[in-house]
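Residue numbers for the sequence shown follow my numbering, beginning at 7 and rising by one. The structure under discussion appears below in the form of structure tokens.
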Amino acid sequence: MKLSEHFQKAVQAFQAGEWKESEHICYSILQSIPEHSDVLHLLGLVLYQQGNKQQAVIYLKKAILQTSTIPHYYNNLANILRELEQWEEAQKSYEKALNLNPNFPEVYHNLGILYQQQDKIEFAIESYTKAIELQPDYTEAKSNLANLYYVLGFN
């Protein structure tokens with residue numbers, strides 16, 4: 007089986023929620039090509055889904071070391087760092103994602119969540135607003151912005 011087919015099986019297992027199967031395939035590929043950034047990234051996501059956030063961070067950082075030009079890698083890393091309350095590092099990772107793609111609404115939304123968790127309300131509002139400007143049908147960003155305004159007493 008070709009590498010691309012093997013990787014596709016890992017992606018399909020991941021999308022089906024078959025974490026152990028996806029993990030097994032990823033490790034199998036990495037035995038042959040330990041620097042394969044897409045596999046390292048996927049393995050990080052698989053480990054996260056299994057609740058192993060620290061290991062997920064390690065593999066996402068390895069993916070970034072191999073290929074530092076993919077904004078999704080930084081966004082996914084930042085999301086986990088945010089959950090681990092490593093807020094400064096998460097913010098830097100979101101900013102790196104935006105440096106690579108300044109029109110990435112999901113990153114602005116996630117940055118808004120980060121700012122809101124830190125009570126940096128003005129920055130959260132700016133981030134949610136930017137996400138909505140870039141993607142007007144971004145329901146989750148609209149909801150988070152509306153909830154924030156509601157909490158602040160702006161009805």
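Using N, Cα and C, we set each Cβ at its ideal position, and we do this for glycine too. No experiment lies behind these values; they were computed from the predicted model shown.
Around the CB of G50, 16 or more other CB atoms lie within 10 Å, so the residue is classed as buried.
A69 is positioned such that its CB atom lies closer than 7 angstroms to that of Y79. Between the alpha carbons of V45 and L154 lies a distance of about 37 angstroms. Sequence-distant Cβ neighbours of Y65 in its own chain, meaning closer than 7 angstroms and more than five residues away, are L46, L49, G50, L53. Rounded to the nearest angstrom, the gap between the Cα atoms of E132 and S74 is 27 angstroms.
Counting only runs of 4+ residues, the alpha helix (DSSP H) found wholly inside the region 77-161 occupies 77-89, 93-106, 111-123, 127-140, 145-158, in chain order. L87 and E95 do touch by the CB rule: their CB atoms are close to 5 angstroms apart, below 8 angstroms. Look at A22 here: in three-state DSSP terms it is coil, with no helix or strand label. Put simply, of S99, K67, I39 the residue whose alpha carbon is nearest the alpha carbon of V113 is S99.
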